[in-house]
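Here the sequence shown is numbered in my numbering, starting from 4 and rising by one per residue. Quick notes on the structure that follows.
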Amino acid sequence: MSDYDVIVIGAGPAGYVAAIRAAQLGQKTAIIDKQWLGGVCLNVGCIPSKALLRSADIAHTLLKRGKEFGFSCENLTLDYSVAVKRSRQVSDRLTKGVGFLMKKNNIDVHMGTAALTSLNIVSLTDTGGKTTQLKGKNIVIATGASAIVPNGWEVDGEFVLTYWEAILQEKLPKSVIVIGSGAIGVEFATIWSSYGAEVTIVEMLPNLVPLEDAEVSAELAKTFKKQGIQVLTNHRVEAVEARKGGVQVKVTGEGGEKTLQADQALVAIGVRPNSRGLGLEDLGVSISEKGMIEIDNRMATKVPGIWAIGDVTGKLMLAHVGSAQGIICAENIAGVETITLDYEMLPRVTFSQPQIASFGLNEAIAKERGYEIKVGRFPFQANGKALGLGDYTGWIKIITEAKYGEILGAHMIGPEVTELLPELTLAQMMEITTAEIARNVHSHPTLSEVLMEAAHGAEGHSIQI
Numbered sequence: 004m005s006d007y008d009v010i011v012i013g014a015g016p017a018g019y020v021a022a023i024r025a026a027q028l029g030q031k032t033a034i035i036d037k038q039w040l041g042g043v044c045l046n047v048g049c050i051p052s053k054a055l056l057r058s059a060d061i062a063h064t065l066l067k068r069g070k071e072f073g074f075s076c077e078n079l080t081l082d083y084s085v086a087v088k089r090s091r092q093v094s095d096r097l098t099k100g101v102g103f104l105m106k107k108n109n110i111d112v113h114m115g116t117a118a119l120t121s122l123n124i125v126s127l128t129d130t131g132g133k134t135t136q137l138k139g140k141n142i143v144i145a146t147g148a149s150a151i152v153p154n155g156w157e158v159d160g161e162f163v164l165t166y167w168e169a170i171l172q173e174k175l176p177k178s179v180i181v182i183g184s185g186a187i188g189v190e191f192a193t194i195w196s197s198y199g200a201e202v203t204i205v206e207m208l209p210n211l212v213p214l215e216d217a218e219v220s221a222e223l224a225k226t227f228k229k230q231g232i233q234v235l236t237n238h239r240v241e242a243v244e245a246r247k248g249g250v251q252v253k254v255t256g257e258g259g260e261k262t263l264q265a266d267q268a269l270v271a272i273g274v275r276p277n278s279r280g281l282g283l284e285d286l287g288v289s290i291s292e293k294g295m296i297e298i299d300n301r302m303a304t305k306v307p308g309i310w311a312i313g314d315v316t317g318k319l320m321l322a323h324v325g326s327a328q329g330i331i332c333a334e335n336i337a338g339v340e341t342i343t344l345d346y347e348m349l350p351r352v353t354f355s356q357p358q359i360a361s362f363g364l365n366e367a368i369a370k371e372r373g374y375e376i377k378v379g380r381f382p383f384q385a386n387g388k389a390l391g392l393g394d395y396t397g398w399i400k401i402i403t404e405a406k407y408g409e410i411l412g413a414h415m416i417g418p419e420v421t422e423l424l425p426e427l428t429l430a431q432m433m434e435i436t437t438a439e440i441a442r443n444v445h446s447h448p449t450l451s452e453v454l455m456e457a458a459h460g461a462e463g464h465s466i467q468i
């Protein structure tokens, strides 16, 4: 029986980062995954989808904006299968990189299905059915989450898909019904629409990207409609049924029931933590009704020696949050100085077109909590770099506490806002005010000037508008 200080179950962005940090801190470390290094994110999620979005951006420019930029493309051919193959190459390169990092840090990699048979024993079953046991002083659960599919909806990979099948298929559907308008839904809507597919988004709640600021949701809906994407908010899906050559989706909303038809339907209504079948309940680990492993701010469960990180905790289901949790978890195991996370202030990003980025409180919540607030705004249409790029939809707003200038949150929609967000999250963490951001000289012409201008606005002296 192999004996370790730390055994990590799950090799996604939470798990493999935890393993690396644990090894750096002198812990003998092993990592287990039943399928691949890099998890969903690197293999069928964040990374390949960003490669597809890049191809989609070029396709959109060539198909719909060529004349504006001086391109004349006769008999233009777009091969979606090539874009998918390129996305797989990008994914494979990063996955191999994770393997290199495991070797570099002397982390033992075990492929197979894991379950805890006692507080410090992990039973590992490989693909051939052979079972071995690993012993660990600390067990870190980083098993991620899987797509939610309601009972009665059959995912067949041909007509009804989850993100998994969608990211791998090489054939571009002519028409798609996207069920759910979170990050996965609106990103795939962007990809397929950019290639010319007819896309309909069905959202049960009143707004697209319903966890975002209401103004952001409204701006995205307006832009999507301009792009030809049909948006049905306040509509509930009653049934999804594959038919010969396509799919039929029954929805109810204003005006009663209607039936939608398309080549495919993407089920993107959320994900559920992969916490069952690991033997955790038998050991006394608390798991919520929704499958979330309950942890404290150290990433520890209530059972000593068992820890949990990433999507399986349900705290904030984003890869970068899982990685941050992984580092903190490893540092707590090793007993070295570390930090705690304020999940409300962590960055949230969506790579639709236009992009969305946010953190912290929105105006309504800030007021509900009793804050007197100031709001600084600035539109991208007044930014020279955005105009030069031909990508000037959207704006940013920064919400501050009026008396002391504390940054309470920011909400952005527009070009590359996912890259602009870290300046503000760093400012919030380091207690930098909008007055100081406004005084910080930003290079010209850059998109980052929008942050400076919004900060001026929050201080009551907008310059460029």
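Glycine is no exception: its CB is placed at the ideal position from the N, C-alpha and C atoms. Given the structure is predicted, the values throughout are model-derived calculations rather than measurements.
In three-state DSSP terms, what is residue i?
{"i": "Trp195", "result": "helix"}
{"i": "His464", "result": "coil"}
{"i": "Ile182", "result": "strand"}
{"i": "His63", "result": "helix"}
{"i": "Arg68", "result": "coil"}
{"i": "Asp95", "result": "helix"}
{"i": "Asp266", "result": "coil"}
{"i": "Met302", "result": "coil"}
{"i": "Glu260", "result": "strand"}
{"i": "Ser289", "result": "coil"}
{"i": "Gly139", "result": "strand"}
{"i": "Ser149", "result": "strand"}
{"i": "Asp111", "result": "strand"}
{"i": "Gly155", "result": "coil"}
{"i": "Gly100", "result": "helix"}
{"i": "Gly363", "result": "strand"}
{"i": "Glu241", "result": "strand"}
{"i": "Ala405", "result": "coil"}
{"i": "Ala117", "result": "strand"}
{"i": "Ala457", "result": "helix"}
Identify the continuous alpha helix (DSSP H) that holds residue i and give its terminal residues.
{"i": "Trp167", "result": "Tyr166 to Leu171"}
{"i": "Tyr346", "result": "Counting along the chain, Tyr346 falls outside any alpha helix (DSSP H), and DSSP gives it neither H nor E."}
{"i": "Val9", "result": "Looking at the DSSP string, Val9 is not in any alpha helix (DSSP H); the run it does join, the beta strand (DSSP E), is Ser5 to Ile12."}
{"i": "Leu392", "result": "Gly387 to Leu392"}
{"i": "Gln328", "result": "Ala322 to Ala337"}
{"i": "Leu223", "result": "Ala217 to Lys229"}
{"i": "Arg24", "result": "Pro16 to Gln27"}
{"i": "Ala438", "result": "Thr437 to Arg442"}
{"i": "Val43", "result": "Gly42 to Val47"}
Using a Cβ cut-off of 8 Å (strictly closer), state whether residue i contacts chain C.
{"i": "Ser184", "result": "Included in the structure is just one protein chain, with no chain C present."}
Starting from residue i and walking both ways along the beta strand (DSSP E), at which residues does that stretch end?
{"i": "Met432", "result": "Unbroken run through Met432 is the alpha helix (DSSP H), Val420 to Met432; no beta strand (DSSP E)."}
{"i": "Ile368", "result": "Looking at the DSSP string, Ile368 is not in any beta strand (DSSP E); the run it does join, the alpha helix (DSSP H), is Glu366 to Glu371."}
{"i": "Arg275", "result": "Val274 to Pro276"}
{"i": "Gln356", "result": "Unbroken run through Gln356: none, as it is neither H nor E."}
{"i": "Val202", "result": "Glu201 to Val205"}
{"i": "Gln233", "result": "Gln233 to Leu235"}
{"i": "Leu208", "result": "Premise fails: Leu208 is in no beta strand (DSSP E) and is neither H nor E."}
{"i": "Met415", "result": "Ile410 to Gly417"}
{"i": "Gly248", "result": "Unbroken run through Gly248: none, as it is neither H nor E."}
{"i": "Arg380", "result": "Ile376 to Pro382"}
With distance defined between alpha-carbon atoms, name the residue in the options nearest to residue i.
{"i": "Met432", "options": "Gly412, Pro448 and Val444", "result": "Gly412"}
{"i": "Arg239", "options": "Asn277, Tyr198 and Ile180", "result": "Ile180"}
{"i": "Leu423", "options": "Lys247, Leu450, Asn443 and Ile410", "result": "Leu450"}
{"i": "Glu206", "options": "Ala33, Met295, Gly248 and Gly256", "result": "Gly256"}
{"i": "Leu208", "options": "Gly183, Ala217, Val85 and Asn237", "result": "Asn237"}
{"i": "Leu283", "options": "Ile35, Thr120 and Lys133", "result": "Thr120"}
{"i": "Ala385", "options": "Thr396, Ile376, Lys377 and Glu439", "result": "Thr396"}
{"i": "Leu349", "options": "Pro418, Ile182 and Gln328", "result": "Gln328"}
{"i": "Val274", "options": "Gln233, Ala265 and Ala186", "result": "Ala186"}
{"i": "Trp469", "options": "Glu218, Leu171, Glu241 and Asp394", "result": "The chain is shown only over 4 to 468; residue 469 falls outside these bounds and no answer can be derived."}
{"i": "Lys37", "options": "Asp129, Val234 and Glu456", "result": "Asp129"}
{"i": "Thr32", "options": "Gly48, Val47 and Asp6", "result": "Asp6"}
Under 8 Å, do residue i and residue j count as touching if we go by C-beta distance?
{"i": "Pro153", "j": "Gln267", "result": "no"}
{"i": "Ile12", "j": "Ala192", "result": "no"}
{"i": "Leu286", "j": "Ile309", "result": "yes"}
{"i": "Val101", "j": "Gly41", "result": "yes"}
{"i": "Ile399", "j": "Leu454", "result": "yes"}
{"i": "Gly147", "j": "Asn123", "result": "no"}
{"i": "Ala461", "j": "Gly373", "result": "no"}
{"i": "Ile215", "j": "Ile359", "result": "A small fix is needed here, since residue 215 is Glu in this sequence, not Ile. It is a contact, given that the beta carbons lie within the stated cut-off."}
{"i": "Leu81", "j": "Tyr198", "result": "yes"}
{"i": "Ile50", "j": "Val93", "result": "yes"}
{"i": "Ile10", "j": "Leu211", "result": "no"}
{"i": "Lys346", "j": "Lys318", "result": "Here the sequence assigns Tyr to residue 346, which means Lys is not the residue at that position. Yes, these two residues count as a Cβ contact at 8 Å."}
{"i": "Ala118", "j": "Leu281", "result": "yes"}
Check your understanding: Taking contact to mean at least 3 C-beta pairs separated by less than 8 Å, is the segment 15-24 in contact with the segment 305-314?
Key -> yes
**Study point:** Touching by the beta-carbon criterion (3+ pairs, under 8 Å), the segment 61-70 and the segment 159-166
**Key:** no
Check your understanding: Can at least three beta-carbon pairs, one atom from the segment 20-40 and one from the segment 326-333, be found at a separation below 8 Å?
Key -> yes
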